[in-house]
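Residue numbers (UniProt numbering): 1 to 408.
The C-beta atom is built at its ideal place from N, Cα and C for all residues, glycine as well.
What follows is a single structure, written as structure tokens, with notes after it.
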């Protein structure tokens, strides 16, 4: 089993009685040799009973476990950073810097064997202080002994031969970098766009998670097709590829302009059944009307889809002191914790309350009209004209005035 090159940070499992990583080696002695390699991982700002739990049974067979070049930084545990119920692991060149945890290695296995844990950083270059970070034979004589003789006197890892990762990554072992998002290569000098899905193949990676879209594509990730050369499908269809439309019912255009085209009696494309009294049972909750050609409430667009739609904001005018809560009301707000609100060009966090309610904290603006947009993913903001087809965002006017005098 190999677990390497991972970063786990800013999480809490407080009170759950669990560790973030639990590695168990169990089985019959007749099994062939097995190996656990847990290396070059970073665990940072975590809260739990323990971060890593290492366990092996006496019937495991031939087993070796290595625990190298891991970093545990500012974790907060109730038992210990690493809990050890095995005598087969070898700890080396790990960095432990966790003043809020009682121990960095907490031994649970009883016995007379010892575990090698030399050449690690324990938060201090003093060996006596380092031993205070271990719960083992020295505190309970029935437990295994952890040998930490020869400790590291510096927590820094040397990456000078790879230009210290060009400050675009973290040094995880000598001259080995783990690049930050948007960077790649041995020295983290190359651009990488995996954080924006490699531009979906519709653009070139020209910067750190920065796409240059090919002709006919737009957006931060080059995911949106443009149909400007076919009149944006005449607002009666969806742009599925550059200048190629899928037209709404009763419209046609041979993959192009989507003009009205219907001959004969009114279309009843969304009828499930027709009753004796010539009343229609519409197919799906999104259609209503005598011919099932009208969108039901909360459905919008030519195909009556549950598009995100803003209907009102409260308050929509008043004294602007900055930080006022603005309540955005509408339909089909997907539940997510990544809402963003854009007041003109200022983007602030939004809070999802319900499928029809988002709250934004308004930044301070000068007198006048301020345009407000919301986005569930914080990436793409659009306006009323394109919302029909992108169903991400609607724009609504928000007026701020400072024409009051006296106290308020």
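Inset, instruction - Can you grab the Cα-Cα spacing for the pair residue 292 / residue 49, in whole Å? - result: Between residue 292 and residue 49, the C-alpha separation is close to 58 Å.
Inset, instruction - Check whether the Cβ atoms of residue 65 and residue 90 lie closer than 8 Å to each other. - result: Less than 8 Å separates the beta-carbon of residue 65 from that of residue 90.
Inset, instruction - Sort out for me which residues DSSP pairs residue 227 with in a bridge. - result: Under DSSP, residue 227 takes part in no beta bridge, so it has no partner.
Inset, instruction - From the DSSP output, read off the bridge partner residues of residue 176. - result: Looking at the DSSP output, residue 176 bridges to 173.
Inset, instruction - Would you check if the distance between the CB atom of residue 19 and the CB atom of residue 83 is smaller than 8 Å? - result: Result yes, Cβ atoms of residue 19 and residue 83 sit closer than 8 Å.
Inset, instruction - Pull up the distance between the alpha-carbon of residue 177 and that of residue 145, whole angstroms please. - result: The straight-line gap from Cα to Cα measures roughly 33 Å.
Legend entry - Closest by C-alpha distance to residue 225, when choosing among 208, 201, 205: Minimum Cα distance to residue 225 is reached at 201.
Legend entry - Cβ-Cβ distance between residue 363 and residue 308 below 8 Å: The Cβ atoms of residue 363 and residue 308 lie no closer than 8 Å to each other.
Inset, instruction - In the DSSP assignment, find the beta strand (DSSP E) that holds residue 97 and state where it starts and stops. - result: Its beta strand (DSSP E) spans residues 95 to 97.
Inset, instruction - Pull up the distance between the alpha-carbon of residue 243 and that of residue 206, whole angstroms please. - result: The alpha-carbon atoms of residue 243 and residue 206 are separated by roughly 25 Å.
Legend entry - Within the stretch 4 to 56, ranges of the beta strand (DSSP E) (whole runs, at least 3 residues): If we require 3 residues or more, the beta strand (DSSP E) runs fully inside the stretch 4 to 56 come out as 7 to 12, 19 to 25, 34 to 39, 42 to 56.
Legend entry - DSSP-derived helix/strand/coil call for residue 233: Note: residue 233 maps to helix in three-state DSSP.
Inset, instruction - Using three-state DSSP, classify residue 112 as helix, strand or coil. - result: If DSSP states are grouped into helix, strand and coil, residue 112 belongs with coil.
Inset, instruction - Just the C-alpha distance for residue 286 and residue 332, rounded to the nearest angstrom, thanks. - result: Their backbone Cα atoms lie some 13 Å apart in a straight line.
Legend entry - Any 3 or more C-beta pairs closer than 8 Å across the stretch 156 to 168 and the stretch 122 to 132: With a cut-off of 8 Å, the stretch 122 to 132 and the stretch 156 to 168 do not count as touching, because too few Cβ pairs lie within range.
Inset, instruction - Return the CA-CA distance between residue 47 and residue 97, expressed in angstroms with no decimal places. - result: So the alpha carbons of these two residues sit roughly 14 Å apart.
Inset, instruction - Taking all protein chains shown into account, decide if residue 184 is buried (16 or more other Cβ within 10 angstroms of its Cβ) or exposed. - result: Sixteen is the threshold: when 16 or more other Cβ atoms of the shown chains lie within 10 Å of the Cβ of residue 184, as they do, the residue is buried.
Inset, instruction - Starting from the Cα of residue 188, find the closest Cα among 204, 196, 171 and give me that residue. - result: Each of 204, 196, 171 was checked against the Cα of residue 188, and the nearest Cα belongs to 171.
Legend entry - Nearest neighbour of residue 141, chosen from 150, 117, 113 [CA to CA]: Answer by Cα proximity: 113.
Inset, instruction - Go to residue 128, then tell me how far its alpha helix (DSSP H) extends in each direction, as first and last residue. - result: Here the alpha helix (DSSP H) through residue 128 covers 127 to 131.
Legend entry - Status (buried if at least 16 other CB within 10 Å, exposed otherwise) for residue 302: Residue 302 comes out buried.
Legend entry - Same chain, Cβ closer than 7 Å to residue 406, neighbours up to 5 away in sequence not counted: Since pLDDT at residue 406 reaches only 28, below the 50 mark, its modelled position is unreliable, and the value read off the structure follows with that caveat. Hits under 7 Å: none found.
Legend entry - Environment of residue 100 [buried if 16+ CB atoms lie within 10 Å]: Burial check for residue 100: the Cβ neighbour count within 10 Å stays below 16, so the residue is exposed.
Inset, instruction - Please report the Cβ distance between residue 227 and residue 245, rounded to the nearest whole angstrom; I am assuming they are in contact, meaning their Cβ atoms lie under 8 Å. - result: Confirmed, Cβ separation roughly 6 Å.
Inset, instruction - Under the assumption that residue 151 contacts residue 105 (Cβ atoms under 8 Å), give the Cβ distance between them as a whole number of angstroms. - result: With a Cβ gap of about 13 Å, residue 151 and residue 105 do not count as contacting.
Legend entry - Helix, strand or coil at residue 427 [DSSP, three-state]: Absent from the model: residue 427. The displayed extent of the chain is 1 to 408, so no value can be given.
Legend entry - Nearest to residue 11 (by Cα), restricted to the options 358, 195, 348, 77: Among 358, 195, 348, 77, the Cα nearest to that of residue 11 is on 77.
Inset, instruction - Might you give, ordered along the chain, the residues of its own chain that have their beta carbon closer than 8 Å to the beta carbon of residue 55, omitting 5 neighbours on each side? - result: Contacts found: 22, 23, 24, 25, 26, 85, 86.
Legend entry - Option in 94, 159, 335, 88 with minimal Cα separation from residue 123: Among 94, 159, 335, 88, the Cα nearest to that of residue 123 is on 94.
Inset, instruction - Could you check the C-alpha separation between residue 378 and residue 5 for me, to the nearest Å? - result: Computed Cα separation, rounded: 28 Å.
Legend entry - Cutoff 8 Å; reference residue 410; Cβ partners in own chain excluding five residues on either side: In the structure as shown, the chain starts at 1 and stops at 408, and residue 410 therefore has no counterpart that could be examined.
Legend entry - Which listed residue (52, 213, 216) has its alpha carbon closest to that of residue 75: For residue 75, the nearest C-alpha among the options comes from 52.
Legend entry - Which of helix, strand or coil DSSP assigns to residue 119: Residue state, collapsed to three classes: coil.
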